[in-house]
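In what follows, a single structure is set out as structure tokens and then discussed.
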Amino acid sequence: MLANLLLAWFAQHARALPWRQSRDPYQILVSEVMLQQTQVDRVLPKYAAFLATFPNLHALANAPTAEVIRAWAGLGYNRRAVNLQRAAQQVMAQYDGQFPRNVAELRSLPGIGPYTAGAIACFAFEQDVVFMDTNIRRVLQRALVGPDLQVAPPERQLLEQSATLLPSGQGWAWNQALMELGALICTARNPSCAQCPIQRVCRAYSTATPPALPRPLRRVAEGQREAYHGSRRWLRGRIIDALREQPQLSLSQLGPRLKPDYSAADEAWLRDLVVGLERDGLVAMQEDRVGLP
DNA sequence: AAGGCGGGGTG
DNA sequence: CACCCAGCCTT
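Count along the first sequence from 1, then add 2; that gives the number in our numbering.
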């Protein structure tokens with residue numbers, strides 16, 4: 003019953019997202035990696051541009067890594083760009099350019115974990131496999147367990163239930179629909195239970211507690227708003243951004259772009275950041291100059 | 001089992 | 001501000 007309700011709703015309300023129109027494993031791979039911890043709305047414009055620049059596996063595998071990192075601007079988690087290209091290169095080298103179809107082999111590619119391997123097997127090759135992401139987890143927990151997300155069943159258990167509920171031959175629609183419901187209706191905050199197609203069979207709905215009262219207004223602490231600004235993560239992002247514009251920079255050129263009062267005494271600090279980026283394959287250093295690889 | 005990794009949007 | 005977002009990798 004749950005599956006029937008969910009799939010009927012999905013057939014009516016699914017967004018026409020570009021990666022849903024494709025079964026090309028390369029295009030699916032690109033979309034899934036971009037969507038790791040990144041919202042659909044932010045991915046959409048980058049996705050089209052990326053595929054225009056790197057239309058197929060061959061183009062991506064053979065591109066300068068610097069170009070791939072540039073195409074990743076605005077998406078965050080820049081290591082994903084490096085791993086995506088390495089995955090493309092590995093498919094070319096180890097699989098003769100033909101994507102492996104099973105989850106275990108997909109899982110061996112860099113940057114492809116349990117979720118993405120399942121998603122490619124399902125969304126590109128239309129296999130009846132189950133996997134977990136933040137939307138599927140929340141939807142299944144609410145529907146099958148109840149409203150309290152604090153008492154989380156083991157991941158394995160939710161996956162088993164998903165596999166049991168999955169209508170044979172419709173894995174693609176089942177997983178897409180779970181994720182779509184989580185994105186549009188069964189949201190983390192303020193879910194739209196009134197519009198929910200599965201409310202009749204949802205444990206969280208039948209035992210739903212009234213919506214929490216609005217939080218008391220916090221005092222706006224203007225002074226201490228920034229914890230992220232100036233952090234290591236932020237600095238790494240600034241370095242990559244600078245190198246997207248300027249192919250090569252010396253440390254003494256780079257430093258002032260991160261820290262207005264940069265001096266020679268800061269070089270060890272800056273070098274540590276650069277070494278970290280180098281280890282991630284995001285920059286290359288030669289002599290005293292830094293650049294995208 | 002934790003922490004690191006980007007960046008922007010939302011309540 | 002705290003939280004959220006189609007996770008993955010290293011330690």
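Every residue, glycine too, gets a C-beta built ideally from N, C-alpha and C. All figures in this text were calculated on a predicted structure; none of them were measured in a lab.
- Inter-residue distance for Q91 and F127 is about 20 angstroms (C-alpha atoms, whole angstroms).
- Residues D135, N137 and I138 of the same chain have their beta carbon placed closer than 7 angstroms to that of M181, with the five preceding and five following residues left out of the count.
- If you draw a straight line from the Cα of P20 to the Cα of D26, it comes to about 12 angstroms.
- Under the three-state reduction of DSSP output, R17 falls in the coil class, being neither helix nor strand.
- Among the bridge pairs identified by DSSP, G293 is matched with Q250 and A286.
- In this structure, H60 sits away from G113, with a CB-CB distance that is not shorter than 9 angstroms.
- Rounded to the nearest angstrom, the gap between the Cα atoms of L160 and I122 is 20 angstroms.
- In this structure, A16 places its C-beta atom within 9 angstroms of the C-beta atom of Q178.
- The Cβ-Cβ distance between R238 and G184 does not fall below 9 angstroms.
- By the criterion of a C-beta distance shorter than 7 angstroms, F125 is surrounded in its chain by I30 and W174, once the five residues flanking it on both sides are discounted.
- Measuring C-alpha to C-alpha distances from M287 to each of D130, P249 and L260 identifies P249 as the nearest.
- With contacts defined by Cβ atoms closer than 9 angstroms, V93 and L111 form a contacting pair.
- Check the Cα spacing between L86 and each of D268, L186 and F52: the tightest is with F52.
- For the 9 angstroms CB-CB criterion, L294 and R103 do not form a contact.
- Rounded to the nearest angstrom, the gap between the Cα atoms of W176 and L8 is 8 angstroms.
- Taking C-beta atoms as the reference points, F56 and A65 count as a pair closer than 9 angstroms.
- In the three-state reduction of the DSSP assignment, R238 falls in the helix class, which pools H, G and I.
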